[in-house]
Structures are given as C-alpha cells and as structure tokens.
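Chemist: Protein chains in written order, with the working numbering: chain A, 8 to 349; chain G, 192 to 555; chain X, 624 to 790; chain W, 242 to 406.
Beta carbons are placed, not taken as given, at the ideal position from N, Cα and C, and that holds for glycine.
Here it is, the structure, as structure tokens.
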Amino acid sequence: MSPAVSDFVIPVAKIAAVILYPMVMVVVMIWLERRVVALIQGRLGPNRVGFQGILQPVADAVKLFFKEDIIPRQADKLLFNLAPILVMFSSLLAFCFVPLGEPLRIGSYTLTLWIAESPVGLLIVLGLSSISVFGVIFGGWASNSKYPLMGALRSVVQVLSYEIPTGLTVLSVVFFARSMDMVEIVRRQEAAHIWYGFMLPVSFVVFWISAVAETNRAPFDLPEAESELVAGYHTEYSGMKFAYFYMAEYTHMVLASSLVVILFFGGWLPPFPGVKFLAFLHAVPGFVWYLIKIMFFLYLYVWIRATFPRYRFDSLIKLVWKWLIPLSLINLLAVVAVRYLL
Amino acid sequence: MAFKDIELNMGPQHPSTHGVLRLKLTVDNEVVLKVEPVIGYLHRGMEKLWENLTYTQIVPLTDRLDYLAALSNNLAFALTVEKLAGIEVPKRGRYIRIVLAELQRLASHLAWAGFMANDIGAMSVLLYGFEAREDILDVFEEYIGARLTVHGIRIGGVPRDLDEALVSRIRGVLSGIPRRLKDIRALLDENRIWKQRTVGIGLISAAEALDFGLTGPALRASGVNWDLRKSIPYSSYDEMDFDVPLGSRGDVYDRYLVRMAEIEQSIRIVNQALDKLPPGEFMAKVPRVLKIAPGQVFQTIEAPKGVLGFTIKSNGTDKPERVKMKSPSFINLQSLEHMCRGNLFSDVVGILGSMDIVLGEIDK
Amino acid sequence: MSDPQPKHPFILTRADHFITWAQKNSLWPFGSGLACCAIEMIATAAARFDIARFGMELFRASPRQADLFIVAGTVTNKMAPIIRRLWEQMPDPKWAVAMGNCAVCGGPFPTYAVLQGVDKIIPVDVYIAGCPPTPQGLLHGLMTLQAKVARSRPTKEILNPDARRTR
Amino acid sequence: MLDVPADRPALREVHEALTGRFPDSVLAGSFEKGELAETIRAEDLLPVLRFLRSEHGFNCLDDLIVLDNVRLPEAPAKRFSVLYQLYRFPGDVRVRLVVDVGEDEPLDSVVPIYRSADWAEREAFDMFGLRFRGHPDLRRVYLPDDFDGYPLRKDFPLEGKGDGL
C-alpha cells in the first residue's frame, strides 16, 4: 500500500464515511419514525414517494433546501445563524470517536473502523454532545420571540440536569472496564463474556432514560412541545436552518443509541458468544450486529414517542433530581463496592 | 433585576386552542398569573342572519354552531320551534331523535378525548378517537348523506326512517366502540404521566361551578348531579333508564373520567332506544311555509358540551322576530381564569382541553 | 445563462422536474383550522383517509416551517389581518388552499362580520367547494395542487426573480 | 290577576311570593306555553333577583336575552326589553323576568348576584349598545373594539356598513 493511498485516500474516505453514515442513518430514521408512528396509530404513513416512501426524507430535504430563508428583523443575526451549525457540528464530530467494529485486515493494511481512537474517547463524546445545548440556547434566545425563549430556557434546565445521571452511569461502566476508550470497553465485555447491560441493569435503565431526555425526545420533549410552545426553540427557523435542527435531533438519537449499544450491549459482539451450537452467528460481521442493536434502540425511541403523554416541566425536574441522580449515585457506590470487595 | 412578568399570547392561531380562541396570559416564568380569553374571531353574525331566514332555513345553519355535535343543535332548535308552534312529534320520531342525538354525543366525546390527549402529548389517542368516530360518521352518511353538518333532525321529526339495515349497522358500530375505548383507557387511565398532568389540576368546587354557571360534564365532574335529560326530560328521554356519571374533585382527571363514563351510558341509551323503537309515523304534518303566531318560548337540551338552549320570539310571519342561543361553552369558558390561576403554563393547555369548548358555539 | 429567455435548456427542465418532485411530495400543511372545515381536515389527517401517504402529515404549528396554508373555515373580518400576517410569515415557495364555501366565497354567511372569500387577502391556488368538503374532496383538491406544483417552473424564478411568478 | 293553572304548583307559589313581596314593582305577569314571565320595573331588578335567589333558591341564571321591539306593530315606549331566564337547581322550575329599557338608559348589572352574567352583559352591550351600571369590565366581547354600530339592532343592515376590512 503506497503511503499516498494509506495516508491520504483512506483517511479522506473514512471521513466521508463518518459524515455519510449519520446522514444515511438520519434518512432511514426519519422514514422509520413516520412509518412506525403511523402503523402504531393504525394508518399507513408515507408510501407514495419511492418504494414504500423511502425517498420521503430525501424529498423533505430537497424541498427545505429550496425554501426561502427568513431571518426575523430583530433577531441577533450572528447567533441566529450560528445555532444550527453548533447543533449539527457537535453531533457529527462526536461520530468520529464512535467505533463501528473490529479493525479489518486488508492485505498488509489494517483498516480501523473509526477515525480516532483516544484513551478518553467516551469523555470527548459526552463533552461534544453537551455543546449542542449551546446551539439550542442561541437558537431560542436569538429568535427574539417569546415562545422560542421559553423553549430554550426549558431545554437548558432539562439537558443540564440530565447530564448528571448520564455522567454517573457512564462512570459505573468505566469502573468496570477500567478505561474510557470505547474500543477497550467493548473488548473488556468480550473478555468478560457478559455485556455490561446485564451486569449493571440499573445503570443501563438510568442511562437510557437520560439519553431519551437529553435528546429532547418523547415524554421529555418539552423544549419543542408541539401543543404548548408552538414549535419550541426552532419556531423562527425556516428552510435549511430548520433542516439542520431537524436532522440534528435525529443525529443525536443515533449517537445516543450507539453509546448505549457500545457501553451496555457490547458494540459489535455477536449475541451468544459462549453457546456452541450458535457459533454460526460469528460468521456475521460485527458491523451488522452493531447496526441491528442500534436499530432496536431507535425503534424503542419511536415506540415511546407514540405511546407516552408529555411530562410537565416540574415533574420532569423532580424525576431527575429525586429519582435518577440518587439512583445513579447509589448504583455507583454499589459498583465500586462490588469491584473492590470481591 | 426581577424577572418581570411576560405577557404571552396563546393567540388565535395556536395548535391547542381548538379553533380561533386567543388567551392573553400573564406568565411569571411558567407560572400563570392572569388568563384573559379573547373571543370573537369566529363571530359570523348568526343571530342577525337568523332574523332574515325562515324557520326551516335556520335548521341547517344550527349545524355550524357546535360543529362537533351538529345534531344536538338541530334537536334544540327543532324542540324550541315545536314548543312555540305546538307541533306534536310522533313517538317513533322522538325515539329516532334520541338515537341520533346520543350517537352525536358519542362522536363529540370521542373527538374530545382525541383533542385533549393530543394536547397533553399522547398523540396516538387522537387517531384512535377519530377512528372510532369515523364509524359513527359513516352511519350518519348512510342515514342522511352528510358526515359533519348532518342536518338530520328537522322541525316536526326526522327526515328518514331507520330501516333494518341501518339499525343493524348502528348496533355493529356500537359493539365496536368499547374495544377502542379499552385501548384509550389502557393508554391513559393509569398512566403515571397522565395522572401527574391531570390529577389536582384546574380544580373547581361544586359551589364555585354552580356560581360560574358551569353546565354539562364539567359541572358533573365537580359532583353536581344535574343532567337535563333527567331533571327536565325532553323528547321522551324519561322512558330511557341510564345513570349520570359524577366526579368528586372537579379536576381535569375527573372531567376525563366523567366523559369516558358518559360514552358508555350513551351506548346503553342508543341500544335501549333501538330495542323499544315503536312503529308508526316518524314525522309530524308540518306545513311547507310554517307561520307561527306571535309568542315567545325558551327550551333547553343536554348537549355534549352542556345545557344548550334557544329563545325564539315569533311575530306571526314565517321568519322569527328574534332567536337567541344559550351556548354552554360561552359560559363554561368564563371559569377558565378561575381554574388556571396559579397553575403552570403547560397546565393551561390541559385545562382548556378538559373544558371541551368549541369556538363555533361560543362566537355564534 | 447566455440569452435572457432560454427556450427549454435540457439542464433546466431536468432541474425543474427534480425540484418540483421534491416540493410536490413534501407539502407540509400549516396546522391552522378556523371552523367546521378544520375538523374535516383533521379527519383527513386521521387514520382512515391518512394524508400522510402523500407526505403531508407533518402539520407544522409554526408558519415558518409550513409551505401549504389550508384556510379551513370562515374568515371573519376580525381574523382577516391575522390570516394575512400568517401568510406573509411563511417562507417563499408557498401555496394556499381555500377549503370550504366560507373560505371560497363567504359561504352561507352574507353578514357584516364575515369576509366574503379569503382570496380577497391572500392569493389562493386551489378552491375546494363543500360545506364542509368531505375528506375525499380535500384529498382531491390537494392532488390537483400537487399537479399544479409539478407544472410550476421554480428554476425560472431562481434565475430571473423579477419574472412573473410561474405558479 | 294572572291565574297560574293548578298543575304547576311551584310556579303558582313563586308568582304569589313575588306579587306578595313586591306588589308595586311587578307590572305584569304572563303564563304562556307553560312558562311564567314577570315584567318588573328596572329599579327593583336587583332586590327581586336577590329575593328569588336567597329565598327561593333560583341559583342559576340560564340566559340573558335582549329584544329590540322597535319594529313591532305597537311600538312600546321603551325600545329594548331584557329577559333574565332563572332556573332553580335541582328541580324543573323556571322563571323569566322581563325588564323594559329605553335606548340609552343604563341598567343595573347583575354580576354581583350571578357571575355567569359577566360575558352575557358584555354581549348585550356589543350587540345592542345597552349599558350596565357596575359591570366590572364593559367592553365589546365579539366584535373588534373599533367597530361602529350595534349589529343586532333592527336598523343595522345585515351586510354591515361599508367595506368589511
């Protein structure tokens, strides 16, 4: 492999893949959501555009691209334009650290299925995903109108207070895996022949609830509550800027699902490693397992959205400060105790 | 710098104001201090128009008042004109009217369940409620040809007879509704988030409710046993036996339970009416041009939203001198301020949904 | 482009076809209902008649993200300036549908308080008769609107914006 | 004197009580189509209503109706007549109080007694131009505040004056 190829072409291809991977997942996710919510509600959902409506998100994106871009007169121009970029940029950057599978050996060159592997990969991903809050705040505040402002205020309090249980539960996993590197965590789960989701059930449940809350989804979608705040923080956005907000929400969902899968469900590991007669499952490449697990969690997102009513703001905050944070603290102490006493 | 109160406009165009109602809210950081409903955005000048139309021409316009319960408006207006003109509706006509009015109450309550749940976030219940309602609209479409503005009750009786096919179809629809109701109840009744959003919100006691002039399910949720079908029976409702569901605390959750129980009662009434359907005429002899001697009358019925009444003054010609409509939602909406004060902003949406108001009826 | 009035350059018509295909298939209606027709509009979006098949089920509550304004119900004089302001807040390639006799021509209310037809204040693309029009009628109206969108030439407007709108 | 038929004892009893308690203020009574209506002088409106509400349990004001009698064959001295439909809950007893009012003669507001009359009186002002003394916030309820004229008066054209916008 000539250095030109290995040092330039492959990294560029990988970067393109990292950008394309969430976009494709977003397209699939938008279609999946509209179809699944429709089927839950007893109707058909988009099925006129392309085969069974698969091109519907493409049509939406192209239409939004050709929409007029309105900036309200009193809006703060800089922050108004910066908000969607921040929201989109932070989630795309986080995908660089998310490992998709074991490194592949092609001839003499090992192709690593991630862009960057760093010993503190998990910390970076968590940090980046909290940058998107800035985007929401700027968007809500800069539109200079009441409903987006209320949406932004709600979003700030919600996302910040749900970061604490996320952090604590991630800490409990890091204690077990003794490393912050996501690839290492998956390898540890492979070595331990058990997924952390079964060893730390409480952490998994708390992490999943706060993941749903952090992406402003389903019962916690107060910042963009359709029936109260008109359209929440992105009321004033139109055209491509709104498309960024719309796509960023789905990208965050994919990011949160992949985090849950890596931390608690052993990334690309086949489901029953120990069982002999299920050995044929190993033939399926790791990346496929990874995708199957993510699709399950994305389906869970949509399922929750279609069934649960919306939390009220104070009960949302009461839930996190009275239940999730104490629970994750106790869980962390239990994990530490078990780790060192055993 | 104290966070001064925001004046927020849940303006005439808002996803959860059920039409063109505008709420001027004074909000202190999510806590509602003052609510001032502003109405009139759908005022079409009905009463002025009625003074220029004959009695039979007014009936289809009454569909457009409470457009979720068109047949109840027709029934109220027809009963008032019959009382004024002294027309006696044959027994079969009265029974068919009960069937139609109670089917319309079912449709109105199912639509309400969908709208209220959608405001509080449970989107799928809107679709389940509307699906159940579609079956009832199919019955109306087969009976008289229209889905929403049905114009199915005329002065003197009902335009068409209920033949065997239609009766069996109605029974089929009625047997399908409890299954859908079970889905809605399973999703909402014991749901923790739903109860958090509705129990203890928008409280109004029995005395306050009577003082505000509340009527209908909103009043019965506070425990006041006033159902006009029982207290002042009309159109032979006294031959039907059904019980009146009552709430206890008078909050949003009780209004939800009362209306859900009323759906079951309405099914019971329609089945009874179909069982005891007497043979004979279903339309009284009404002259083509109905001239009514001068007089004045006030007649009310129990519409899905509350006590709906008409005052008609006639002057001997075929056009009424004055028609005044007593709208239940118009009076129920006045108590919104009392219920919303002190609650959070997102509760105003829940309380408004539980009041089940329709702007066509408020604004006339 | 070289000559100001390009006849039918191959690239442009392909672009038109692609853009209108996208606009046609993702007309997001503006979730505003005024009177009885709004209930029939919601019934059209509900399970049986399911407007979502045409990609229209995202009823956007904010005018900024909607591109189809279905005026469903009676436009009174008190509501007219608000309807006009909502129309102006919608981003540009936007279409308007007057649903029901009241929106088309004032319907059964020739009174002092009702605006006799919404086309007095906003340019209407498709008129749907009926009081209220049945969901099938509304769907038919929306499909004629889709056909109309497919005929429009968005690239001509982008290239010379001062040219008359080819709506 | 009005003779209420024997089959409606409650109405007869209310009629006797009223004429007994307010002999000079009850100008005329009428019993027609099963409904009792009492015409009352405008000054005694509030005392009569308080009496009916406290002693006779008429705790619900069903409706407040305004009639414009200018086009009647025998045009009465006072143009408008305001009707108060009272109802006693529980039970089925209804009474209608009729008060005749001149064109720009203010009337006492009944909001202190029945809170549901608040918007009803605002509607009467909006549609007929009747003024109510003591009403907390007498503004137009339906039409925009700058609307000139009172639509439900008989002399107001159906299509309205001038262009709608």
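Judging by CA-CA distance, which residue of G:485, G:493, G:521 and G:524 is the nearest neighbour of residue 507 (chain G)?
Modeler: If we check each option's Cα against that of residue 507 (chain G), G:485 comes out closest.
Chemist: Please specify which runs of the alpha helix (DSSP H), each continuous and at least 4 residues long, are wholly inside the segment 269-355 of chain G, giving them in chain order.
Modeler: Listed in chain order, the complete alpha helix (DSSP H) runs (minimum 4 residues) inside the segment 269-355 of chain G are 282-310 and 314-335.
Chemist: Starting from residue 118 (chain A), trace the beta strand (DSSP E) both ways and give me its first and last residue.
Modeler: Per DSSP, residue 118 (chain A) belongs to the beta strand (DSSP E) from 116-118.
Chemist: State the Cα-Cα distance for the pair residue 284 (chain W) and residue 383 (chain W), rounded to the nearest angstrom.
Modeler: Spanning the two alpha carbons is a distance of roughly 29 Å.
Chemist: Under a Cβ-count criterion, where at least 16 other Cβ atoms within 10 Å of its own Cβ denotes burial, should residue 340 (chain A) be classed as buried or exposed?
Modeler: Classification for residue 340 (chain A): exposed.
Chemist: So, is the C-beta of residue 393 (chain W) closer than 8 Å to a C-beta in chain X?
Modeler: False, the Cβ-Cβ gap to chain X never drops below 8 Å.
Chemist: Please report whether the beta-carbon of residue 639 (chain X) lies at a distance below 8 Å from any beta-carbon of chain A.
Modeler: Cβ-Cβ to chain A under 8 Å: no for residue 639 (chain X).
Chemist: On the criterion of 16 or more Cβ atoms from any shown chain inside 10 Å, does residue 700 (chain X) qualify as buried, or is it exposed?
Modeler: So residue 700 (chain X) counts as buried.
Chemist: Of all the CB atoms in chain G, is at least one closer than 8 Å to the CB of residue 671 (chain X)?
Modeler: Yes, residue 671 (chain X) lies at the interface with chain G (some Cβ there is under 8 Å from its Cβ).
Chemist: Quick one: what does DSSP say residue 736 (chain X) is sitting in, helix, strand or coil?
Modeler: If DSSP states are grouped into helix, strand and coil, residue 736 (chain X) belongs with coil.
Chemist: Under 7 Å Cβ-Cβ, which residues of chain A neighbour residue 206 (chain G)?
Modeler: Ordered by position in chain A, the residues that pass the 7 Å Cβ test against residue 206 (chain G) are 233, 234 and 237.
Chemist: Is the CB-CB distance between residue 50 (chain A) and residue 318 (chain G) below 8 Å?
Modeler: Cβ atoms of residue 50 (chain A) and residue 318 (chain G): closer than 8 Å.
Chemist: So what's residue 232 (chain G) in DSSP terms, helix, strand or just coil?
Modeler: Coil.
Chemist: Three or more beta-carbon pairs under 8 Å between the segment 302-312 of chain W and the segment 362-378 of chain W, yes or no?
Modeler: Verdict: yes, contact present.
Chemist: So who's on the other strand from residue 652 (chain X), going by DSSP bridges?
Modeler: Partner(s): X:691.
Chemist: Terminal residues of the continuous alpha helix (DSSP H) containing residue 26 (chain A)?
Modeler: Counting along the chain, the alpha helix (DSSP H) containing residue 26 (chain A) begins and ends at 17-47.
Chemist: Residues of chain X with a CB under 8 Å from the CB of residue 77 (chain A): which are they?
Modeler: Here the neighbours are 687, 712 and 714.
Chemist: Pull up the CB-CB distance for residue 495 (chain G) and residue 299 (chain G), whole angstroms please, since I reckon it's below 8 Å.
Modeler: The pair is a contact, with the Cβ atoms about 4 Å apart (cut-off 8 Å).
Chemist: Out of G:361, G:362, G:347 and G:199, state which residue places its alpha-carbon closest to the alpha-carbon of residue 477 (chain G).
Modeler: Among G:361, G:362, G:347 and G:199, the Cα nearest to that of residue 477 (chain G) is on G:347.
Chemist: Along chain X, in chain order, which residues have C-beta atoms closer than 7 Å to that of residue 331 (chain G)?
Modeler: Neighbours of residue 331 (chain G) on chain X: none; closest Cβ ~12 Å, over 7 Å.
Chemist: With a threshold of 8 Å on Cβ separation, who are the neighbours of residue 662 (chain X) within its own chain once the five nearest residues in sequence on each side are excluded?
Modeler: Hits under 8 Å: 656 and 755.
Chemist: So if DSSP puts residue 728 (chain X) in a beta bridge, which residue, or which two residues, is it bridged to?
Modeler: Its beta-bridge partners do not exist; DSSP assigns none.
Chemist: Since residue 379 (chain G) and residue 316 (chain G) are thought to touch, with beta carbons under 8 Å apart, how far apart are those beta carbons, to the nearest angstrom?
Modeler: Correct: roughly 6 Å between the Cβ atoms.
Chemist: Could you confirm whether any beta carbon from chain A is found closer than 8 Å to the beta carbon of residue 748 (chain X)?
Modeler: Output row for residue 748 (chain X): interface = no.
Chemist: Starting from the N-terminal side, write out each stretch of the beta strand (DSSP E) that is 3 residues or longer and does not extend beyond the segment 95-175 of chain A.
Modeler: Segments of the beta strand (DSSP E) lying fully in the segment 95-175 of chain A: 111-113 and 116-118.
Chemist: Taking the alpha carbon of residue 199 (chain G) as the point to measure from, which residue in A:121, A:106 and A:157 has its own alpha carbon closest?
Modeler: When each option's Cα is compared against that of residue 199 (chain G), the closest is A:157.
Chemist: Is the CB of residue 697 (chain X) under 8 Å away from at least one CB in chain W?
Modeler: It does not: the Cβ of residue 697 (chain X) has no partner Cβ on chain W nearer than 8 Å.
Chemist: Do residue 266 (chain G) and residue 492 (chain G) have their C-beta atoms within less than 8 Å of each other?
Modeler: Closer than 8 Å, so yes.
Chemist: Taking Cβ to Cβ, would you say residue 722 (chain X) is nearer than 8 Å to residue 686 (chain X)?
Modeler: No, they are not a contact pair.
Chemist: Where does residue 402 (chain W) land, buried or exposed, given buried means 16+ other C-beta within 10 angstroms?
Modeler: Flag for residue 402 (chain W) reads exposed.
Chemist: May I ask you to list the residues that DSSP assigns as paired with residue 322 (chain W)?
Modeler: Answer is W:308 and W:341.
Chemist: Ignore the nearest five residues each way along the sequence and tell me which others in residue 48 (chain A)'s own chain have a CB closer than 8 Å to its CB.
Modeler: Here the set comprises 313.
Chemist: Output yes if chain G places a C-beta closer than 8 Å to the C-beta of residue 650 (chain X); else output no.
Modeler: Taking Cβ atoms only, chain G never reaches closer than 8 Å to residue 650 (chain X), which makes this a no.
Chemist: Mind checking if residue 337 (chain W) is an interface residue toward chain G, Cβ cutoff 8 Å exclusive?
Modeler: Yes, because at least one Cβ of chain G sits closer than 8 Å to the Cβ of residue 337 (chain W).
Chemist: Listed in chain order, which residues of the segment 722-750 of chain X have Cβ atoms closer than 7 Å to some Cβ of chain G?
Modeler: Per Cβ criterion, the list reads 731, 732, 734, 735, 736 and 737.
Chemist: Is there a Cβ from chain W that is less than 8 Å from the Cβ of residue 551 (chain G)?
Modeler: No, no contact with chain W.
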